[in-house]
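*Asks:* The structure under discussion is supplied below as structure tokens; questions concerning it will follow.
Protein chains: 2
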Amino acid sequence: MTDAAAPLSAHAAFLVGQLGFHTAYRFADLLAPLDIKPRHFGMLKLLGQHDGRTQQELGEALDIHRNVMVTLVDDLEARGLVERRRHPTDRRAHAVYLLPAAHALLARAEAVVESLDTELLAPLAAEERATFLDLLQRTAAGNGLRPGIHPGLTR
Amino acid sequence: MTDAAAPLSAHAAFLVGQLGFHTAYRFADLLAPLDIKPRHFGMLKLLGQHDGRTQQELGEALDIHRNVMVTLVDDLEARGLVERRRHPTDRRAHAVYLLPAAHALLARAEAVVESLDTELLAPLAAEERATFLDLLQRTAAGNGLRPGIHPGLTR
DNA sequence: TATTGTTATACTCTATAACTATA
DNA sequence: TATAGTTATAGAGTATAACAATA
Chain A
1 MTDAAAPLSA HAAFLVGQLG FHTAYRFADL LAPLDIKPRH FGMLKLLGQH DGRTQQELGE
61 ALDIHRNVMV TLVDDLEARG LVERRRHPTD RRAHAVYLLP AAHALLARAE AVVESLDTEL
121 LAPLAAEERA TFLDLLQRTA AGNGLRPGIH PGLTR
Chain B
1 MTDAAAPLSA HAAFLVGQLG FHTAYRFADL LAPLDIKPRH FGMLKLLGQH DGRTQQELGE
61 ALDIHRNVMV TLVDDLEARG LVERRRHPTD RRAHAVYLLP AAHALLARAE AVVESLDTEL
121 LAPLAAEERA TFLDLLQRTA AGNGLRPGIH PGLTR
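Following this line, the structure appears as structure tokens:
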């Protein structure tokens with residue numbers, strides 16, 4: 001009558017989901033004092049590598065729909081972190097640029113990522129951390145996940 | 001000018017989040033043909049271990065608010081999977097019981113978990129899978145995650 | 001007075017379609 | 001005819017408060 005199956009915590013899939021959601025919420029919480037959300041961070045980080053992209057290009061790189069990009073850029077523009085400028089060759093498109101305030105904020109957000117990493121890996125020994133990272137990277141790659149694209153970050 | 005920080009995929013926190021959301025979406029997709037969502041599965045699984053609990057008790061075990069439990073039990077009752085009966089000692093409470101159809105469905109859902117596990121771990125060698133599982137379990141425990149409680153499963 | 005289940009409400013996030021101005 | 005950005009709308013999911021029945 002009872003369905004005797006393995007407990008959920010014996011499944012890698014369950015543990016990965018559990019840890020993933022916990023980490024995502026934790027990241028959102030740690031980012032809250034900076035008054036941005038994970039998706040804003042992803043966008044600022046991307047722009048930090050290469051300014052002046054169109055909203056379409058940013059959306060493709062982050063796997064965010066162009067409709068959603070509008071509000072995202074609106075948010076960051078209202079906070080004085082980015083600026084829409086005229087695209088040099090395509091008058092339909094906007095080129096998005098970081099403003100000075102964004103660089104300072106980005107540095108603080110990067111520090112948050114570092115501290116979250118430290119917190120997450122605290123239960124493991126130094127050599128285990130390296131092993132864990134390697135296994136995570138290969139599992140992510142093997143499951144078709146593209147580097148830097150984080151599905152469905154809410155909250 | 002450029003913020004030269006490590007790429008996101010060098011961070012365990014990012015990878016865990018990326019893999020976690022991917023796995024959660026994948027689980028929801030694999031469960032869709034059974035016409036239930038992850039949260040329904042969690043609830044059926046819990047009831048499979050121990051029938052007749054109140055909605056309050058179920059909510060506490062799954063970390064789901066009692067307001068949300070109402071709709072959840074409504075869903076499962078409408079599908080003929082569970083039944084609300086009078087609680088033997090507390091006339092305010094409902095005792096929730098699995099119906100026969102639920103056992104068959106639960107077995108199929110357990111098989112989905114198994115196949116997802118296999119899929120997720122496919123990129124790793126057999127001994128690496130064991131290591132990965134161990135590291136995941138210790139990381140989850142060390143970060144205060146309670147076994148079987150999956151935060152915020154949407155979709 | 002507190003608790004169980006319930007309902008109502010508001011807020012966020014998501015997905016789709018449609019509009020405008022350009023190409 | 002297609003594309004970049006925008007706007008509007010409807011659908012989930014979540015969080016909060018309040019209510020009736022019962023403890």
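Chains A and B are the protein sequences, given in the same order. The letter at position 137 of the first sequence is residue 137 when you use this note's numbering, and the numbering goes up by one with no holes. The letter at position 88 of the second sequence is residue 88 when you use this note's numbering, and the numbering goes up by one with no holes. For each residue, glycine too, the CB sits at the ideal point set by N, CA and C. The model shown is predicted, which means the values in this text are computed figures rather than measured ones.
1) Should A13 of chain B be labelled buried (16 or more other beta-carbon atoms within 10 Å of its own) or exposed?
2) Could you tell me which chain B residues have their CB closer than 7 Å to the CB of H11 of chain A, listed as they occur along the chain?
3) Mind the definition here: the region 121-139 of chain B touches the region 126-135 of chain A only if three or more C-beta pairs lie below 8 Å; say whether that holds.
4) Please name the residue, chosen from A:L124, A:M43 and A:L145, that lies closest to E77 of chain A on a Cα-to-Cα basis.
5) What residues in its chain sit with their C-beta under 7 Å from that of L124 of chain A, if we drop five residues either side in the sequence?
6) Going straight from the alpha carbon of A122 of chain B to that of I36 of chain B, what length do you get?
7) Between the region 130-148 of chain A and chain B, which residues of the former have CB atoms less than 8 Å from a CB of the latter, in chain order?
8) Within 9 Å (strictly less), CB to CB, does A101 of chain B reach chain A?
9) Ordered along the chain, which non-local residues of its own chain (more than five positions away) have a Cβ less than 7 Å from that of L62 of chain B?
10) Do V113 of chain A and A5 of chain B have their C-beta atoms within less than 9 Å of each other?
11) Whose CA, out of B:V68, B:L72, B:L98 and B:R84, lies closest to the CA of D51 of chain B?
12) Which class does L72 of chain A belong to by DSSP, given the choice of helix, strand or coil?
13) What residues from chain B crowd round Q18 of chain A, counting only those whose CB sits closer than 8 Å?
14) Of the choices B:T89, B:D90, B:R92 and B:V73, whose alpha-carbon is the least far from that of E83 of chain B?
15) K37 of chain B CB to nearest chain A CB: under 9 Å?
16) What residues are listed by DSSP as bridge partners for T54 of chain A?
17) Assign T118 of chain A to one of two classes, buried (16 or more other C-beta atoms within 10 Å of its C-beta) or exposed (fewer than that).
18) Taking the alpha helix (DSSP H) that R39 of chain A belongs to, which residues open and close that run?
19) Give the range of the alpha helix (DSSP H) segment to which R86 of chain A is assigned.
20) Decide if the region 7-23 of chain B is in contact with the region 16-24 of chain A; the criterion is three or more beta carbon pairs, one per stretch, under 8 Å apart.
21) So is A9 of chain A buried or exposed if we call it buried at 16+ other beta carbons inside 10 Å?
22) Does the Cβ-Cβ distance between H40 of chain B and D75 of chain B come in under 9 Å?
23) When the cut-off is 9 Å and only beta carbons count, does L31 of chain B lie next to chain A?
24) Helix, strand or coil: how does DSSP classify A24 of chain B here?
25) Among A:N67, A:L120, A:G59 and A:T54, which has the Cα closest to the Cα of T89 of chain A?
26) At least one CB of chain A closer than 9 Å to the CB of L120 of chain B: is that the case?
27) Would you list, in chain order, the members of the region 86-100 of chain A that have their beta-carbon closer than 7 Å to a beta-carbon of chain B?
28) Indicate whether at least one CB of chain A lies closer than 9 Å to the CB of A5 of chain B.
29) What is the DSSP secondary structure of P123 of chain A, counted as helix, strand or coil?
*Replies:* Taking the definition as stated:
1) By 1-based counting over the second sequence, the position of residue 13 of chain B is 13. Buried, because 16 or more other Cβ atoms sit within 10 Å of the Cβ of A13 of chain B.
2) Position 11 of the first sequence, counting from 1, holds the residue named residue 11 of chain A. Within chain B, the residues near H11 of chain A are V113 and D117.
3) yes
4) In the first sequence, counting from the first residue as 1, residue 77 of chain A sits at position 77. For the residues A:L124, A:M43 and A:L145, the minimum Cα distance to E77 of chain A belongs to A:M43.
5) Taking the first residue of the first sequence as position 1, residue 124 of chain A is located at position 124. Closer than 7 Å at the Cβ level, and outside the excluded window around L124 of chain A, lie F132.
6) Counting from 1 along the second sequence, the entry for residue 122 of chain B is found at position 122. Counting from 1 along the second sequence, the entry for residue 36 of chain B is found at position 36. Computed Cα separation, rounded: 26 Å.
7) T131, F132, L133, L135, L136, Q137, R138, T139, A140, A141, G142, N143, L145, P147 and G148
8) As a working mapping, residue 101 of chain B is identified with position 101 in the second sequence. No - not a single Cβ of chain A is within 9 Å of the one on A101 of chain B.
9) The residue labelled residue 62 of chain B in the question sits at position 62 within the second sequence. Cβ neighbours of L62 of chain B beyond the five flanking positions: G42, M43, L46 and I149.
10) As a first step, residue 113 of chain A is located in the first sequence; it is residue number 113 there, counting from the start. As a first step, residue 5 of chain B is located in the second sequence; it is residue number 5 there, counting from the start. The answer is yes: Cβ separation under 9 Å.
11) Locating residue 51 of chain B in the second sequence gives position 51, counting from the first residue. Out of B:V68, B:L72, B:L98 and B:R84, B:L98 has the C-alpha closest to the C-alpha of D51 of chain B.
12) Within the first sequence, numbered from 1, the residue matching residue 72 of chain A stands at position 72. Residue state, collapsed to three classes: helix.
13) The count along the first sequence starts at 1 and reaches residue 18 of chain A at position 18. Going along chain B in sequence order, the residues near Q18 of chain A (Cβ under 8 Å) are G20, A140, L145, I149, H150 and P151.
14) As a working note, residue 83 of chain B is residue 83 in the second sequence. Cα-wise, what sits closest to E83 of chain B is B:V73.
15) Residue mapping note: residue 37 of chain B aligns to position 37 of the second sequence, counting from 1. No, K37 of chain B does not count as interfacial toward chain A.
16) Locating residue 54 of chain A in the first sequence gives position 54, counting from the first residue. Per DSSP, A:A95.
17) Counting from one through the first sequence, the residue named residue 118 of chain A turns up at place 118. When all chains shown are included, T118 of chain A counts as exposed.
18) The count along the first sequence starts at 1 and reaches residue 39 of chain A at position 39. Here the alpha helix (DSSP H) through R39 of chain A covers P38 to Q49.
19) The residue given as residue 86 of chain A occupies position 86 in the first sequence. Going by DSSP, R86 of chain A is part of no alpha helix (DSSP H) but of the beta strand (DSSP E) stretching over V82 to R86.
20) yes
21) Counting from one through the first sequence, the residue named residue 9 of chain A turns up at place 9. In the sequence under discussion, the amino acid at residue 9 of chain A is Ser, which differs from the Ala named in the question. By the neighbour-count rule (16 or more Cβ atoms within 10 Å), S9 of chain A is buried.
22) Along the second sequence, one-based indexing puts residue 40 of chain B at 40. Along the second sequence, one-based indexing puts residue 75 of chain B at 75. Cβ distance < 9 Å, so H40 of chain B and D75 of chain B count as in contact.
23) In the second sequence, counting from the first residue as 1, residue 31 of chain B sits at position 31. So no, L31 of chain B is outside the interface.
24) Translated into positions along the second sequence, residue 24 of chain B becomes position 24. Three-state result, A24 of chain B: helix.
25) Here residue 89 of chain A corresponds to residue number 89 of the first sequence, with the count starting at 1. With distances taken between Cα atoms, T89 of chain A lies closest to A:T54.
26) Numbered from its first residue, the second sequence carries residue 120 of chain B at position 120. By this cut-off, L120 of chain B is an interface position.
27) none
28) Looking up residue 5 of chain B in the second sequence gives position 5. Chain A contact via Cβ: present.
29) In the first sequence, counting from the first residue as 1, residue 123 of chain A sits at position 123. Reduced to three states, the DSSP call for P123 of chain A is coil.
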